[in-house]
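Novice:
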Amino acid sequence: LTRREELVHEDMEKEKQEKSFSLETKVPYMLVYKLSFGETESNLLIYDIAAFNFTKFMIKDYDLKLLRVSDDQYLLLVANFENQKEAVWYNDILKKEAFVDGRLNFSLEGFYLISVDNYNLIGNPFSWVDYELFIKENQ
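Each step along the sequence shown adds one to the number in my numbering, with nothing skipped, and position 101 is 109.
1) Considering Cα atoms alone, identify which of Ser28, Leu83, Arg12, Thr10 is closest to Asn146.
2) Is it true that the CB of Leu85 sits closer than 9 Å to the CB of Val77?
3) What is the rounded straight-line gap between the Cα of Asn144 and the Cα of Tyr127?
4) Could you please give me the residues that DSSP links to Ser44 through a beta bridge?
5) In the DSSP assignment, what residue or residues form a beta bridge with Leu72?
6) Buried or exposed: which applies to Ile57, given that a residue is buried once 16 or more other Cβ atoms fall within 10 Å of its Cβ?
7) Determine the contact status of Met38 and Val108, defining contact as a CB-CB distance below 9 Å.
8) Starting from Ser123, follow its DSSP beta bridges and name the residues at the other end.
9) Would you identify the three-state DSSP class for Gly110, choosing helix, strand or coil?
10) Cβ atoms of Phe89 and Tyr70: under 9 Å apart, would you say?
11) Along the chain, where does the alpha helix (DSSP H) containing Ile101 start, and where does it finish?
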């Protein structure tokens, strides 16, 4: 069993060396909010953000997805940004909306501005901790 674990670890390390995060800013981006609250609050937040999107952006359609990580932890994904600049712009506007910002800040545990390509590497072979280290090293 120990040898098998060693082989799996070696394969993961090899895969990490072959793949890497990118600092590219002119590729599709997404916002990932790490939230801690119950199911009712998560549904209210999704509703608030959907209403915000509908009233503020008549032409552009942003995708919302809520992923349950545990009983009281969720990841809220807001996607369909053409690049990093658009994602930053959207987040800045969202934070100015009192009804959304109040609910969001109440439960916000973390926030990621991440390219779709980098997001697709999370869990295969990298973790959120790996991504955070990558960002800190490249600021």
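Every residue gets a Cβ at the ideal spot worked out from N, C-alpha and C, and that includes glycine.
Specialist: In brief:
1) In the sequence shown, counting from the first residue as 1, residue 146 sits at position 138. Considering only alpha carbons, the answer is Ser28.
2) In the sequence shown, the residue the question calls residue 77 occupies position 69. In the sequence shown, the residue the question calls residue 85 occupies position 77. Against a cut-off of 9 Å, the Cβ pair of Leu85 and Val77 comes out as no contact.
3) Taking the sequence shown and counting its residues from 1, one reaches residue 144 at position 136. Taking the sequence shown and counting its residues from 1, one reaches residue 127 at position 119. Inspection of the sequence shows that residue 144 is occupied by Lys rather than by Asn. Between Lys144 and Tyr127, the C-alpha separation is close to 16 Å.
4) The residue labelled residue 44 in the question sits at position 36 within the sequence shown. Answer by DSSP bridge pairing, in chain order: Gln81.
5) Here residue 72 refers to the residue found at position 64 when the sequence shown is read from its first residue. Note: Leu72 sits in a beta bridge opposite Val86.
6) Counted from its first residue, the sequence shown places residue 57 at position 49. By the 10 Å Cβ count, Ile57 comes out buried.
7) Translated into the one-based positions of the sequence shown, residue 38 becomes position 30. Translated into the one-based positions of the sequence shown, residue 108 becomes position 100. Result no, Cβ atoms of Met38 and Val108 do not sit closer than 9 Å.
8) Taking the first residue of the sequence shown as position 1, residue 123 is located at position 115. Ser123 is bridged to Tyr37.
9) Taking the sequence shown and counting its residues from 1, one reaches residue 110 at position 102. Three-state result, Gly110: helix.
10) Against the sequence shown, residue 70 aligns to sequence position 62. Against the sequence shown, residue 89 aligns to sequence position 81. In contact: Tyr70 and Phe89 (Cβ atoms closer than 9 Å).
11) As a working mapping, residue 101 is identified with position 93 in the sequence shown. Where Ile101 is concerned, the enclosing alpha helix (DSSP H) starts and stops at 92 to 104.
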